[in-house]
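Numbering of the sequence shown is given in the numbering used here, commencing with residue 10 and proceeding in unit increments. Structure record follows, encoded as structure tokens.
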Amino acid sequence: MSTSSAISVSKSTLMHASLAHVSPEVRTMDDILLTLSPTSASRKYLPTEILLLIRDHLFMTMTAQLVQQSVVALEAYEHSLTDLLCSDCTAYNLEIYGPDIWQWIISLERARAFRSKLVEAQATRTNVPNPKQFVDREHWLECHLSYKVAASPVIVMGLGDTYSMSSAARPLASSIDIWGLMNSVLREFDCEAVREPEDVMCTLQCVGRGQICPKRNYMQVIPVQQHHKVTQEDLDGLAQVALHRASRDLCLSSEYPEIYNTRRHHISSSAGRLRWSVFQGRGLKVKICQALPLLYFAL
10 MSTSSAISVS
20 KSTLMHASLA
30 HVSPEVRTMD
40 DILLTLSPTS
50 ASRKYLPTEI
60 LLLIRDHLFM
70 TMTAQLVQQS
80 VVALEAYEHS
90 LTDLLCSDCT
100 AYNLEIYGPD
110 IWQWIISLER
120 ARAFRSKLVE
130 AQATRTNVPN
140 PKQFVDREHW
150 LECHLSYKVA
160 ASPVIVMGLG
170 DTYSMSSAAR
180 PLASSIDIWG
190 LMNSVLREFD
200 CEAVREPEDV
210 MCTLQCVGRG
220 QICPKRNYMQ
230 VIPVQQHHKV
240 TQEDLDGLAQ
250 VALHRASRDL
260 CLSSEYPEIY
270 NTRRHHISSS
280 AGRLRWSVFQ
290 GRGLKVKICQ
300 ALPLLYFAL
């Protein structure tokens, strides 16, 4: 298959677009478009061209709203992780590992173990009753959107129990997940999603608005293999039509924030410097203790 018979799109955009496609608002608009009759004498609706433009704007608005909801939920989860650390540990990690808390995994694991003992002793609870450790933002986003899928009766009724793609390395408790929804939506357009070729997995791609996203966060939307007894030229034509419909109706060429590729700076550097000055006031002993982990890994 030629490279022109595939659409490269980020996983985040594809997952959120799939959710927007099955939203009641978009489904209602699609039902209106399907009921239009060009031979009808009495026209009760706007012209089809205008309705299609309204549908495009509605779809992009719904997708952007879902993306924003995921951004807010991710920020809340990241804030809950920082609540597991005391102010001194937070300042230390900020100074050593930077503002990206997903680089603080070792310290968070230690803090979680300490906090669990503290909760048992004091019978208190944190902002997250049972915080789950995710591998990265991509893993968190898959689980977050899968919960949305499983919690929607309308989506669950429209999906089967088996899917052609799932996150095998990160299994979910529910059999209904975002990958199943995504595959179900793409099948409506005679398309499917595959991972990027290995030779481009480690490259970078500019996604607009100053964002650089690793190609491993991208997937390719390709037409489903057809087995009709037609010429190769006809098969290529059908493939292009399928890709065009998927790109148009799912607005895959639109730009949205790359959630799990965006560095969260909810902990300001000024706050880090303020807390770090407290460390300096405690003398050389504290600094030596902070340097021990670095010396350990250096050895």
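Here a beta-carbon is modelled for each residue, glycine too, at the ideal position from N, C-alpha and C.
Does the distance from the CB of Pro150 to the CB of Ile268 come in under 7 angstroms?
-> In the sequence shown, counting from the first residue as 1, residue 150 sits at position 141. In the sequence shown, counting from the first residue as 1, residue 268 sits at position 259. The sequence as given places Leu at residue 150; Pro does not occur at that position. Cβ atoms of Leu150 and Ile268: closer than 7 angstroms.
In the DSSP assignment, find the beta strand (DSSP E) that holds Val18 and state where it starts and stops.
-> In the sequence shown, counting from the first residue as 1, residue 18 sits at position 9. Residues 16-19.
Who are the Cβ neighbours of Thr22 in its own chain at under 7 angstroms, not counting the five residues just before and after it?
-> In the sequence shown, the residue the question calls residue 22 occupies position 13. Residues of the same chain with a CB within less than 7 angstroms of the CB of Thr22, apart from the 5 flanking positions on each side, are Leu261, Tyr265 in chain order.
Whole-number beta carbon distance between Ser256 and Ile16, since they are thought to touch under 8 angstroms | For the purposes of this step, residue 16 is identified with residue 7 of the sequence shown, where counting begins at 1. For the purposes of this step, residue 256 is identified with residue 247 of the sequence shown, where counting begins at 1. With 8 angstroms as the limit, Ile16 and Ser256 qualify as a contact, their Cβ atoms being about 6 angstroms apart.
Would you tell me roughly how many angstroms separate the C-alpha atoms of Ser175 and Leu154, rounded to the nearest one?
-> Counting from one through the sequence shown, the residue named residue 175 turns up at place 166. Counting from one through the sequence shown, the residue named residue 154 turns up at place 145. Note that Ser175 scores a pLDDT of 38, beneath 50, so its modelled location is shaky and nothing firm can be said.
Closer than 6 angstroms by C-beta to Asp186: which residues in its own chain qualify, once you throw out the five before and the five after it? Chain order, please.
-> The residue you call residue 186 lines up with position 177 of the sequence shown. Closer than 6 angstroms at the Cβ level, and outside the excluded window around Asp186, lie Ser155.
What separation, rounded to the nearest whole angstrom, lies between the Cα atoms of Ile41 and Leu83?
-> On the sequence shown, position 32 is the one that residue 41 refers to. On the sequence shown, position 74 is the one that residue 83 refers to. If you take the alpha carbons of Ile41 and Leu83, they lie about 35 angstroms apart.
Check whether the Cβ atoms of Ile311 and Glu87 lie closer than 7 angstroms to each other.
-> Summary: the structure shown does not reach residue 311, with the chain confined to residues 10 through 308, and so no result is reported for it.
According to DSSP, what are the bridge partners of Pro227?
-> As a working note, residue 227 is residue 218 in the sequence shown. Residue identity check: residue 227 is Tyr in the sequence provided, not Pro. As a beta-bridge residue in DSSP terms, Tyr227 pairs with Ser19.
Which first and last residues belong to the alpha helix (DSSP H) in which Cys152 is found?
-> As a working note, residue 152 is residue 143 in the sequence shown. Segment 146-159, the alpha helix (DSSP H) holding Cys152.
What number of angstroms, rounded off, separates the C-alpha of Asn102 from the C-alpha of Asp145?
-> Your numbering for residue 102 matches position 93 in the sequence shown. Your numbering for residue 145 matches position 136 in the sequence shown. Spanning the two alpha carbons is a distance of roughly 17 angstroms.
What is the DSSP secondary structure of Cys98, counted as helix, strand or coil?
-> On the sequence shown, position 89 is the one that residue 98 refers to. Judged by DSSP in its simplified three-state form, Cys98 adopts helix.
Around the C-beta of Leu28, are 16 or more other C-beta atoms found within 10 angstroms, so that it is buried, or is it exposed?
-> Mapped onto the sequence shown, residue 28 falls at position 19. Buried, since its Cβ has 16 or more Cβ neighbours within 10 Å.
Run of the alpha helix (DSSP H) containing Val81, from where it starts to where it stops | The residue labelled residue 81 in the question sits at position 72 within the sequence shown. Where Val81 is concerned, the enclosing alpha helix (DSSP H) stretches over 57-91.
Hey, quick one: how far does the beta strand (DSSP E) through Val35 stretch, first residue to last?
-> Taking the sequence shown and counting its residues from 1, one reaches residue 35 at position 26. Unbroken run through Val35 is the alpha helix (DSSP H), 33-43; no beta strand (DSSP E).
By Cβ distance, which residues of its chain are closer than 6 angstroms to Ala26, with the 5 residues on each side in sequence left out?
-> Within the sequence shown, numbered from 1, the residue matching residue 26 stands at position 17. Thr72, Leu259, listed in sequence order.
With 16 as the cutoff for other CB atoms within 10 Å, does Val203 come out buried or exposed?
-> In the sequence shown, the residue the question calls residue 203 occupies position 194. With a threshold of 16 other beta carbon atoms within 10 Å, Val203 falls short and is exposed.
Buried or exposed for Leu90, please, with buried defined as at least 16 other CB atoms from any protein chain shown within 10 angstroms of its CB.
-> Counted from its first residue, the sequence shown places residue 90 at position 81. With 16 or more other CB atoms across the displayed protein chains lying within 10 angstroms of its CB, Leu90 is buried.
Would you check if the distance between the CB atom of Ala248 and the CB atom of Phe198 is smaller than 7 angstroms?
-> As a first step, residue 248 is located in the sequence shown; it is residue number 239 there, counting from the start. As a first step, residue 198 is located in the sequence shown; it is residue number 189 there, counting from the start. Going by C-beta atoms, Ala248 is not nearer than 7 angstroms to Phe198.
Start and end of the alpha helix (DSSP H) containing Glu267?
-> Taking the first residue of the sequence shown as 1, we reach residue 267 at position 258. In the DSSP assignment, Glu267 falls outside any alpha helix (DSSP H) and carries neither an H nor an E.
Round the Cβ separation of Asn226 and Lys20 to the nearest angstrom and send it over; I've been treating them as touching at under 8 angstroms.
-> Residue 226 sits at position 217 when you count from the first residue of the sequence shown. Residue 20 sits at position 11 when you count from the first residue of the sequence shown. Sure, about 6 angstroms apart at Cβ, within 8 angstroms.
With DSSP as the reference, label Glu104 as helix, strand or coil.
-> In the sequence shown, residue 104 corresponds to position 95, counting from 1. Under the three-state reduction of DSSP output, Glu104 falls in the helix class.
First and last residue of the alpha helix (DSSP H) that includes Glu205?
-> By one-based count along the sequence shown, residue 205 stands at place 196. Segment: none, Glu205 is in no alpha helix (DSSP H) and carries neither H nor E.
Should Pro96 be labelled buried (16 or more other beta-carbon atoms within 10 Å of its own) or exposed?
-> Along the sequence shown, read from residue 1 onward, the residue named residue 96 stands at position 87. It is worth fixing the name first, because residue 96 is Ser in this sequence and not Pro. Counting the other Cβ atoms within 10 Å of the Cβ of Ser96 gives fewer than 16, which makes it exposed.
Ends of the alpha helix (DSSP H) at Val194?
-> Reading the sequence shown from its first residue, position 185 is the one you call residue 194. Segment 187-196, the alpha helix (DSSP H) holding Val194.
Starting from the C-beta of Arg64, find all residues in its chain whose C-beta is less than 6 angstroms away, skip the five residues before and the five after it, and write them out in chain order.
-> Numbered from its first residue, the sequence shown carries residue 64 at position 55. So the qualifying residues of the chain are Met38.
Residue nearest to Val158 in terms of C-alpha spacing, selected from Phe143, Gln234, Arg196, Leu75 | If you number the sequence shown from 1, residue 158 lands on position 149. Checking every option, the nearest Cα to that of Val158 belongs to Leu75.
Name the two residues that bound the continuous alpha helix (DSSP H) containing Gln249.
-> Counted from its first residue, the sequence shown places residue 249 at position 240. Taken as a continuous stretch (DSSP letters only), the alpha helix (DSSP H) holding Gln249 covers 241-258.
Whose C-beta lies closer than 8 angstroms to the C-beta of Leu55 among residues of the same chain, with five residues either side of it excluded?
-> Looking up residue 55 in the sequence shown gives position 46. Answer for Leu55: Ile63, listed in chain order.
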